[in-house]
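Undergrad: Residue numbers (our numbering): 745 to 830.
The structure's right below; bear with me while I get my questions together.
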DNA sequence: CATTTGACGCCAA
DNA sequence: TTTGGCGCCAAAT
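Right, here's the structure in full:
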């Protein structure tokens, strides 16, 4: 159990629940995290996240864009492609 | 404590 | 349909 109530921790928990090949948008993650209007905060939190436990590469933009990745966009694209997500 | 920045999202023109 | 501007939240400086 975690006693951390930080918003970023909630975001990590949600993203960690994403199944292989499953992709969510920042807005969806924000909503699941408890703040439906904090899409921006989700990106801010993930940008500081370097935990491999959090498949942040499965979080895309509502526009269908990839957004960004703290390991390099190329890495994100490769991972999504490997999981069957285009 | 106040201000700026940032992996976003939606509405208007 | 595409581009621009405004609003949202959290973390960093």
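The beta carbon of each residue, even a glycine, is placed where N, CA and C say it ideally should be.
Using the Cα positions of residue 788 and residue 828, report the straight-line distance between them to the nearest angstrom.
TA: 26 angstroms
Undergrad: Counting along the chain, where does the alpha helix (DSSP H) carrying residue 817 start and finish?
TA: 817-827
Undergrad: What separation, rounded to the nearest whole angstrom, lies between the Cα atoms of residue 773 and residue 818?
TA: Linking residue 773 to residue 818 through their CA atoms gives a straight-line distance of about 22 angstroms.
Undergrad: Do the region 774-781 and the region 800-813 make contact, defined as three or more Cβ pairs closer than 8 angstroms?
TA: no
Undergrad: For residue 802, is the classification buried or exposed, using 16 other Cβ atoms within 10 angstroms of its Cβ as the cut-off for buried?
TA: By the 10 Å Cβ count, residue 802 comes out buried.
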